[in-house]
Amino acid sequence: MIELINIKKTYREKEKKYAVLNGLNFTLKQGDMVAILGKSGSGKSTLLRILGLLELPDEGKYHWMDKDIIKEKKTWNRMRNEKIGFIMQDYALLKGLSVYDNIAAPMYIGKKSKREIRSRVLSVVENFQIYDLLEKKVCQLSGGEQQRVAIARAMVQKPQLLLADEPTGSLDDENAEKVMKTLHKLHEQGNSSIIVTHDKRIAKQCEKVYYLENGKLNQL
């Protein structure tokens, strides 16, 4: 499904350059459930942003279904909205809007009917028991509630690829387990997911585990 070939990404800090990703190679098959571990600052979030078409690598190739996706920039917006679900570490929610509008936002862009949008939103909130929060503004929610909303938004489009940056980081054990059960359901339906986590208990629930170090991925 996805193949990254010799991906390089360098950042400049003052007058110095440092390589975050340095000739990284990675293959993801349809239906894979993958965890990525690594120290803070090792480039895990940068890798997710490249996979999620939010950032370009400096060098290398990104193949999606055998297409060189870096050359297909005109399709990026559609792919981000329809094929990729992204759970950001900082949630990236619209805090002045309601929970309902935040979850529905990807489908507003896709011009779905109001009936279909409502049906999808109600279906996904059921998994996270946040129905009673739908009319509240995001700024009124706790950190854990905001994280559940961010996860629901990522899943509302039934993405082919789910990218999750510390999806259970602000959740208690009970809600973390609910998140993992939902990810496993997506996996059973043939969807692919990549989970960046510091929690080895979460990583153990994935089929494949990689460690990002010195700009490269090593399978454990």
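Numbering of the sequence shown is given in the working numbering, commencing with residue 1161 and proceeding in unit increments. The beta carbon of each residue, even a glycine, is placed where N, CA and C say it ideally should be.
Could you work out which residue in the options is closest to residue i when comparing CA atoms only?
| i | options | result |
| --- | --- | --- |
| G1329 | N1182, I1247, M1239 and V1180 | I1247 |
| V1315 | L1207, F1186, H1344 and D1218 | According to the sequence provided, residue 1315 is Met. The question's Val does not apply to it. Looking at the Cα atoms, H1344 is the closest of the given residues. |
| G1201 | K1274, D1192, Y1178 and Q1300 | Y1178 |
| I1210 | E1163, E1295, I1362 and D1192 | E1163 |
| L1301 | R1238, S1258, A1336 and L1184 | S1258 |
| I1196 | R1278, K1176, Y1370 and K1231 | Y1370 |
| L1346 | L1214, C1299 and L1321 | L1321 |
| E1367 | L1184, K1189 and K1174 | K1189 |
| K1341 | E1173, D1250, N1182 and M1193 | M1193 |
| V1284 | I1269, R1238 and A1310 | A1310 |
Could you have a look at residue i and say whether DSSP puts it in helix, strand or coil?
| i | result |
| --- | --- |
| R1300 | The question names Arg, but residue 1300 in the sequence shown is Gln. Q1300: helix per DSSP, three-state reduction. |
| M1315 | helix |
| I1247 | strand |
| S1273 | coil |
| M1193 | strand |
| D1218 | coil |
| L1253 | coil |
| E1326 | coil |
| E1232 | coil |
| K1360 | helix |
| Q1379 | strand |
| E1305 | helix |
| E1173 | strand |
| L1294 | coil |
Could you give the first and the last residue of the continuous alpha helix (DSSP H) run that contains residue i?
| i | result |
| --- | --- |
| H1347 | D1333 to E1348 |
| M1267 | V1259 to I1269 |
| L1208 | K1204 to L1211 |
Just how far apart, CA to CA, sit residue i and residue j?
| i | j | result |
| --- | --- | --- |
| A1312 | N1287 | 8 Å |
| K1168 | K1233 | 19 Å |
| H1223 | G1304 | 35 Å |
| G1191 | E1348 | 8 Å |
| D1228 | K1221 | 7 Å |
| P1327 | I1165 | 26 Å |
| D1226 | T1187 | 12 Å |
| D1325 | I1362 | 12 Å |
| Q1317 | D1218 | 30 Å |
| V1180 | G1375 | 5 Å |
| N1335 | Q1289 | 10 Å |
| Y1260 | E1295 | 6 Å |
| M1161 | S1353 | 12 Å |
| G1183 | E1215 | 16 Å |
State the CB to CB distance for the pair residue i and residue j, rounded to an integer number of angstroms; the pair is presumed to be in contact (CB under 8 Å).
| i | j | result |
| --- | --- | --- |
| L1254 | N1241 | Not a contact, Cβ separation roughly 15 Å. |
Span of the beta strand (DSSP E) holding residue i?
| i | result |
| --- | --- |
| K1368 | K1368 to E1373 |
| S1353 | S1352 to V1356 |
| K1177 | K1176 to L1188 |
Compare the C-beta of residue i with all C-beta atoms of chain B and state if any pair is closer than 8 Å.
| i | result |
| --- | --- |
| H1358 | The structure shown contains no chain B; it holds only a single protein chain. |
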